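K.L.:
Pasting a structure below so you can have a look.
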Amino acid sequence: MNLVQGDHVIRATATFTIPQPNDTQAHNGAVYAMVMPRVRGSLQLWANELPPANRARQTLPVMLQMVEALVQLHRQGFAHQDLKLGNMVYDRTSTGEMRVLISDLDRITRSRYVRGSAGTPGYLSQEILLRKTFDPMSPDVFAMGMALLQLAFDSMSSHDFRMLVWRTVVDAAKPSKVKQALVDLFGGDLKEGPLNMFTRSLCEQEGHNNDGEWKRRITAEELLTELRRIVNSGLW
1 MNLVQGDHVI RATATFTIPQ PNDTQAHNGA VYAMVMPRVR GSLQLWANEL PPANRARQTL
61 PVMLQMVEAL VQLHRQGFAH QDLKLGNMVY DRTSTGEMRV LISDLDRITR SRYVRGSAGT
121 PGYLSQEILL RKTFDPMSPD VFAMGMALLQ LAFDSMSSHD FRMLVWRTVV DAAKPSKVKQ
181 ALVDLFGGDL KEGPLNMFTR SLCEQEGHNN DGEWKRRITA EELLTELRRI VNSGLW
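Terminal number for the sequence shown in my numbering: 236, no gaps in between.
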């Protein structure tokens with residue numbers, strides 16, 4: 001876990017083994033445990049306590065840190081494979097500023113071509129559900145898009161509505177259909193700049209490769225560039 005570096009990546013403070021002589025599944029008769037630093041809580045819990053008024057503007061600084069955390073992970077060649085608000089935590093600096101950390105790195109991989117299912121319903125991308133061959137960094141971006149939506153809109157606090165958004169986006173799949181689906185779901189609360197950003201993060205490019213591999217969606221770096229542009233220009 002501590003192979004991953006970065007000021008937005010949580011790091012274990014110690015590791016040790018616990019003997020499990022009667023556990024036939026334990027590797028070498030032991031399980032490995034890590035001591036993690038104390039934090040304030042998950043972004044899921046923090047988001048649940050936010051007031052609904054001007055929610056998107058309140059959370060923009062946190063959104064930036066969330067995407068920066070994913071960029072740090074991807075730059076080092078790792079995909080998370082179970083990204084969600086519940087797997088991102090926060091702490092406070094000595095000056096009281098909020099600091100976001102990406103956590104729960106037990107599923108990270110350096111593989112660029114995988115097939116199968118990893119992650120949590122509500123955050124799983126189309127290529128995972130269709131069991132395509134894909135670069136796991138791409139579903140990370142989809143999951144981040146869903147997490148940002150959840151942070152930006154109070155309506156996403158409802159589990160039923162959040163699952164409706166996820167199923168609608170997954171079924172729409174193509175950019176033009178995803179964009180219209182988001183407009184139908186969020187209406188005028190989703191301005192053009194953020195709408196385009198979410199559309200690019202939540203669906204693949206039009207068409208398919210001849211070898212059957214899924215075409216990539218926007219990368220984490222591109223997502224960060226778009227989000228910074230939106231923040232700096234006041235488009236949200």
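Cβ coordinates follow ideal geometry from the N, Cα and C atoms, glycine included. From a predicted model like this one, the values you see are computed outputs, not experimental measurements.
With DSSP as the reference, identify every bridge partner of I102, one or two as the case may be.
P.N.:
DSSP lists V9, M88 as partners of I102.
K.L.:
Give me, in chain order, the residues of the same chain whose beta-carbon lies closer than 7 Å to that of Q44; leave out the 5 immediate sequence neighbours on both sides.
P.N.:
So the list reads L85, G86, once near-sequence residues are dropped.
K.L.:
DSSP three-state label for I128, please.
P.N.:
Helix at I128.
K.L.:
Are the beta-carbon atoms belonging to V178 and T199 less than 8 Å from one another?
P.N.:
Contact flag set, yes.
K.L.:
Return the chain-ordered list of same chain residues with a C-beta closer than 7 Å to the C-beta of W236, the five sequence neighbours on each side being excluded.
P.N.:
Here the set comprises A56, R57, L60, K191, G193, P194, I230.
K.L.:
Per DSSP, what kind of secondary structure is A147 in: helix, strand or coil?
P.N.:
Helix at A147.
K.L.:
With the cut-off set at 8 Å, would you say P139 and S125 are in Cβ contact?
P.N.:
A contact, by the Cβ cut-off of 8 Å.
K.L.:
At the level of alpha carbons, what is the spacing between T93 and V71?
P.N.:
Near 21 Å, if we compare the C-alpha coordinates of V71 and T93.
K.L.:
Under three-state DSSP, which class holds P61?
P.N.:
Looking at P61 - three-state DSSP - the assignment turns out to be helix.
K.L.:
So, is V35 buried or exposed, given that buried needs 16 or more other C-beta atoms within 10 angstroms?
P.N.:
Model confidence at V35 stands at a pLDDT of 48, short of 50, so the residue's coordinates are unreliable and nothing is read from them.
K.L.:
Out of D106, L227, H159, state which residue places its alpha-carbon closest to the alpha-carbon of G145.
P.N.:
Closest by alpha carbon: L227.
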